[in-house]
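Take a look at the structure set out below.
In the working numbering, the protein residues as written are 255 to 394.
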């Protein structure tokens, strides 16, 4: 009697961050950890229902975990997409995104706000300085 052919789990791990060397993806499939790399990863899995968790691991902690239940049939290639969240100092709790179709990273708005607020403050300060200079020039 032959055992059923394994299925193949193809995980595309996307990282929107610039810290590719410091942050690495990892998977936990049915309680077993697997090291991944950014981009495509292939894991043979036995046929059946599986629980998959993918997350990003920084030097001190894991973040961006996302969970998915998947069914794998003998010889099937199951394609899963994961995107780690945008990382800023205050968004460690952002979840990752996972699905059977390409997904978008979470936390992008928080990072954009964090980058735009200082620019907006600097612009307003320059505007106030220009107005004060104009008032000083025209009041004499």
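Ideal placement from N, C-alpha and C gives every residue a C-beta, glycine not left out.
What residue ranges within the stretch 275 to 326 form continuous alpha helix (DSSP H) runs of no fewer than 4 residues, ordered along the chain?
-> none
Tell me the DSSP bridge mates of residue 331?
-> 262
Could you tell me whether the stretch 348 to 356 touches the stretch 375 to 389, using the rule of 3 or more Cβ pairs below 8 Å?
-> no
Would the beta-carbon of residue 264 fall within 7 Å of that of residue 357?
-> no
Below 8 Å on the Cβ atoms is my guess for residue 336 versus residue 352; work out the distance and round it to an integer in Å.
-> 5 Å
Alpha-carbon to alpha-carbon, residue 286 and residue 314 = 21 Å
Between residue 290 and residue 312, is the Cβ-Cβ spacing less than 7 Å?
-> no
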